[in-house]
Structure formats: C-alpha cells, structure tokens
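Q:
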Amino acid sequence: MLSHTDVVLANPAEWSHPPFGGELIDGVVWGRGALDMKGEVAASAVAMATLAREGWRGEGDLIFIAAADEEGGTGYGLAWLVEAHPDACRADYSVNEGAGDRVELGGKTVYLCATAEKMTSPFMLRVHGRSGHASMPGIADNALVKAGVLLTRLGEFTYPAQLIPEVEGFFTSVTGSSPDAAGVLAAAHDLGPIATEMIAPLVGMTVSPTIISASAKRNVIPALVEIQVDCRLLPGMTPADGEAAIRAWLEPVPMKDWELENIDHHGGTRAPFDGPLWGAVESFVAEEEPGAVAAPICVAGFTDSHWMREAFGTVAYGFFPSREMDAATGARLIHSADERVPVSDLELGVRWLRHAARAVCGG
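The working numbering applies: residue 21 is where the sequence shown begins, and numbers increase by one.
1. Could you spell out where the beta strand (DSSP E) holding Lys128 opens and where it closes?
2. When the Cα of Gly53 is compared with those of Leu244, Lys237, Thr25, which residue comes out closest?
3. Please report the residue range of the beta strand (DSSP E) in which Gly75 lies.
4. Using 9 Å as the threshold, is the C-beta distance between Ala291 and Val319 below it?
5. Between the stretch 232 to 239 and the stretch 155 to 173, can you find at least three pairs of beta-carbon atoms closer than 8 Å?
6. Can you list the alpha helix (DSSP H) stretches of 4 or more residues lying completely in the stretch 40 to 97, in chain order?
7. Please go through the same chain and pick out, in chain order, the residues whose beta-carbon is closer than 7 Å to the beta-carbon of Gly262, but skip the five residues on each side of it.
8. Is Leu29 buried or exposed, if buried means 16 or more other CB atoms sit within 10 Å of its CB?
9. Determine, using beta carbons only, whether Pro255 and Thr289 come nearer to each other than 9 Å.
10. Considering Asp250, what are the terminal residues of the beta strand (DSSP E) in which it resides?
11. Only counting runs of 3 or more residues, tell me where the beta strand (DSSP E) segments fall wholly within the stretch 134 to 172, in order along the chain.
12. Going by beta carbon distance, what residues of the same chain come within less than 7 Å of Ser64, once the five residues before and after it are set aside?
13. Please state the DSSP three-state secondary structure of Arg360.
14. Start and end of the beta strand (DSSP E) containing Val27?
15. Looking at C-alpha atoms only, which residue of Phe322, Gly382, His355, Val123 is the closest neighbour of Leu211?
16. So, do the stretch 310 to 328 and the stretch 132 to 151 have three or more beta carbon pairs nearer to each other than 8 Å?
17. How close, in whole Å, do the beta carbons of Leu164 and Val245 come, if the pair is a contact with beta carbons under 8 Å?
18. Report the residue from Ala104, Lys58, Trp298, Gln248 whose alpha carbon sits nearest the alpha carbon of Glu91.
19. Give me the Cα-Cα distance between Leu368 and Ala260, rounded to the nearest whole angstrom.
20. Have a look at His209 and Lys128 and give me their C-alpha separation to the nearest angstrom.
21. Assess, as a yes-or-no matter, whether the stretch 236 to 244 is touched by the stretch 144 to 156 under the definition of 3 or more beta carbon pairs within less than 8 Å.
22. Select from Lys138, Leu145, Asp121, Leu270 the residue whose C-alpha is nearest the C-alpha of Val305.
23. Using the rule of at least 16 other Cβ atoms within 10 Å of the residue's Cβ for burial, across every protein chain shown, is Met156 buried or exposed?
24. To the nearest angstrom, report how far apart Leu205 and Thr192 are at their CA atoms.
25. May I have the straight-line CA-CA distance separating Gly382 from Thr94, to the nearest angstrom?
26. Using only CA atoms, which one of Pro362, Leu366, Ser356, Ala377 lies nearest to Val27?
27. Please look up how many angstroms separate the CB atoms of Lys138 and Gly287, rounded, as I've assumed it's under 8 Å.
28. If you reduce the DSSP assignment to three classes, tell me which class Val223 lands in.
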C-alpha cells in the first residue's frame with residue numbers, strides 16, 4: 021500500500037473552510053490533501069490496522085509506505101527509499117493513487133484503474149538575439165519577438181496518433197472492441213466528453229510551453245529568452261524521441277537562432293493488466309457494483325508508482341475507488357480550493373485495500 025503524505029500549498033482566503041482544519045461537515049472531510057492524498061493514507065492505515073487486529077496473516081509481507089516529497093520531487097521521498105532501503109519497500113505488487121474514478125460511458129458503469137503513466141520530460145528552449153536599449157529597437161535583435169514565432173508553432177503541435185495497450189484495453193473493456201490508432205479520438209468522442217478528455221492526451225506526446233524568462237529590465241531588449249516546455253511522452257518513448265519530434269516540428273520556422281535541451285525526465289512506466297492484482301480489481305468492482313467493469317487507463321501525469329516499477333519490477337496500479345464524488349468534481353478539486361472527500365468514499369477505499377490484501381496475499 022503506497023501513498024504520500026506531503027501536499028501542495030493552500031491559500032486560506034480561497035477556501036470555504038480552513039484548508040488544514042480537517043473538518044468533518046455533513047459526512048465530508050474538508051482540507052488540503054483530502055483527495056491528494058491524505059485520504060488514501062488514512063484508508064491504508066485503517067486497512068492495515070483492522071487486518072492486523074483481526075489476526076489476518078497472508079503469504080509474504082503486507083507493506084504500508086507513507087512517503088514524503090511526491091509533490092516536490094526533490095529526492096527525499098520514495099526515490100530515496102527504494103535506493104537507500106530497498107529491502108524495506110521491495111514488493112511484487114503495489115496499490116497507489118492515480119485512478120479509481122467511477123464514470124458512466126456508453127451506458128456502462130466503469131471504474132478506471134491506472135496501469136501505466138506517461139513520462140514527464142521537460143525541455144528548455146533557448147532563443148538568441150542581440151540586446152539593446154528598448155527606446156531604439158532597430159539596433160537590437162529582440163529574442164523575445166523571435167521566441168513568439170516558435171511559441172506559436174509549439175502551440176500548434178501535433179503528433180501522429182498512437183494506440184497504446186492501455187487505451188486499447190480501455191476500449192475493449194468499455195465497448196467490447198478497440199478502434200485502430202486513426203479512429204481513437206472519434207471513438208472516444210462517441211463515448212462522450214469524459215472519455216474524450218481522458219483519451220486525448222494518450223494518443224501521443226504533448227508539449228506545453230509554461231514558463232518564459234527574458235529581460236530583467238523593461239528598457240533592455242533581451243538577447244536571450246528561455247522557455248520551459250512541459251513535455252509528456254507515452255510509455256516506451258525516450259527523451260531523445262521527444263527531442264527529435266520537437267525539432268522536426270520547429271524545423272519549418274525560418275529563424276534558426278534557437279537551441280533545445282532536455283532538462284529532466286521521470287516516469288513513463290507501465291504494468292500488465294492481468295494477474296492477481298488485476299483480478300483483485302475486477303472482483304472488487306463486481307462485488308461492490310454488479311454490472312460495472314474495471315478498465316485500464318494510462319495516467320497523463322505520473323505518480324510515485326514509477327519508482328517501484330523501475331526499482332523492483334513491481335506490478336503497480338493506481339486504484340483508489342470513489343463513488344459518491346463524481347470524477348469531474350474530484351478532478352477540479354485536486355490542487356485547488358475546497359478540496360474535500362466524502363467519508364463514504366474513504367470507507368469504499370478501505371474495503372478495496374482490505375480486499376486487495378486478501379485477494380493477492382491469501383489468508
């Protein structure tokens with residue numbers, strides 16, 4: 021059972037209730053991290069404690085990891101733990117955050133289970149020019165103006181549609197068959213806006229310019245502009261693949277005074293959606309809601325699960341089911357004001373974790 025205890029910042033002025041009050045109001049727990057992901061931390065602790073009090077003993081070890089530094093990603097959380105204390109956290113199977121949403125698609129009730137994650141592989145795009153006094157633009161070569169052409173081009177970025185196994189499995193679970201790569205977006209559109217939002221970032225790599233740095237003075241024309249480009253790669257792709265695609269996309273721009281550098285990369289791992297843990301997901305969904313199905317999905321971002329997959333080959337899933345709070349509401353609340361979680365969904369999560377332990381470990 022894998023989770024993280026750290027949370028993002030919260031401005032109390034934006035909240036209806038104190039963000040770190042943990043108040044229980046009408047069956048709902050309010051506070052930063054209620055969804056991401058102190059709720060699952062608490063549910064994991066309860067599942068572990070109740071199993072122990074009942075005298076349950078399965079085969080192997082049941083491990084509860086409540087790690088730090090998932091949000092910051094500065095090397096002090098699970099990334100450190102798997103390297104410094106591998107014997108404390110090595111596991112064949114792992115359950116973490118990432119999915120579990122209950123959605124209605126094509127007339128069918130579906131619980132999503134994240135079996136893969138895209139890689140985050142940001143790039144730095146540097147555009148060069150010549151500085152000068154802003155009152156005499158004709159004597160300078162404004163790197164910021166030149167950068168605008170590249171930004172416009174990046175804003176139009178497209179990538180040839182791919183059909184990854186997780187998307188194929190998603191459609192097979194929901195509709196009974198899967199489209200080919202060219203028909204993926206149309207098939208998602210047929211299932212409705214929720215499916216379109218989920219599937220659109222999974223048909224290829226994506227690029228999003230997010231941070232720009234230019235002149236530090238209003239009256240100085242910049243000679244250098246640095247643009248941070250968020251880039252998410254499909255599982256199996258490498259930073260070199262991403263760089264080649266971006267360079268090829270920018271090649272038609274006549275201006276060549278730019279350079280591109282990959283500055284980091286994490287994630288991009290997957291696990292098979294079969295075997296004991298997948299069977300546990302399917303049987304839990306069937307027991308909780310007869311007629312509903314479990315469907316694999318790839319997370320457009322990434323979680324700590326990739327550290328377990330990379331270090332130990334762990335079959336790691338993101339699955340913490342929710343039913344009372346709809347998926348759209350939950351997505352809007354994560355990292356936002358008024359984050360909250362219904363107690364009934366926490367109880368559902370406890371039942372899932374207990375079920376997973378018994379299904380995978382026996383006893």
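Note that CB positions come from ideal geometry on N, CA and C, so glycine has one too.
A: Here's the rundown:
1. For Lys128, the uninterrupted beta strand (DSSP E) segment begins and ends at 128 to 137.
2. When each option's Cα is compared against that of Gly53, the closest is Thr25.
3. Element bounds for Gly75: n/a, residue is neither H nor E.
4. No.
5. Touching, yes.
6. Those alpha helix (DSSP H) runs which fall completely within the stretch 40 to 97 and span 4+ residues are 58 to 73.
7. Within the same chain, Gly262 has close Cβ partners Ser141, Met225, Cys251, Leu253.
8. Counting Cβ neighbours within 10 Å, Leu29 comes out exposed, since fewer than 16 surround it.
9. A contact, by the Cβ cut-off of 9 Å.
10. Taken as a continuous stretch (DSSP letters only), the beta strand (DSSP E) holding Asp250 covers 244 to 253.
11. Unbroken beta strand (DSSP E) runs of no fewer than 3 residues, entirely contained in the stretch 134 to 172, are found at 143 to 148, following chain order.
12. For Ser64, the CB contacts under 7 Å within the same chain, skipping 5 residues up- and downstream, are Met21, Ser23, Phe84, Leu373 in chain order.
13. Of the three classes helix, strand and coil, the one that applies to Arg360 here is strand, per DSSP.
14. For Val27, no beta strand (DSSP E) encloses it, and the DSSP letter there is neither H nor E.
15. With respect to the C-alpha of Leu211, the residue from Phe322, Gly382, His355, Val123 having the closest C-alpha is Val123.
16. Because the criterion of three Cβ pairs below 8 Å is met, the stretch 310 to 328 and the stretch 132 to 151 touch.
17. Between Leu164 and Val245 a beta carbon distance of about 5 Å is seen, short of the 8 Å cut, so the two are scored as contacting.
18. Distance check between Glu91 and each of Ala104, Lys58, Trp298, Gln248 places Lys58 closest, using alpha-carbon atoms only.
19. Annotation: Leu368 to Ala260 spans about 42 Å, alpha carbon to alpha carbon.
20. Going by C-alpha positions, His209 is about 15 Å away from Lys128.
21. For the pair of segments examined, the stretch 144 to 156 was found to touch the stretch 236 to 244: the number of CB pairs separated by less than 8 Å reaches three.
22. With distances taken between Cα atoms, Val305 lies closest to Asp121.
23. It is exposed - the Cβ of Met156 has fewer than 16 other Cβ atoms within 10 Å.
24. Answer to the nearest angstrom: the Cα atoms are 15 Å apart.
25. The C-alpha of Thr94 is placed about 37 Å away from the C-alpha of Gly382.
26. Taking Val27 as reference, the option from Pro362, Leu366, Ser356, Ala377 with the minimal CA-CA separation is Ser356.
27. Right, the Cβ-Cβ distance comes to about 6 Å (below 8 Å), so this counts as a contact.
28. Val223 falls in the coil class under three-state DSSP.
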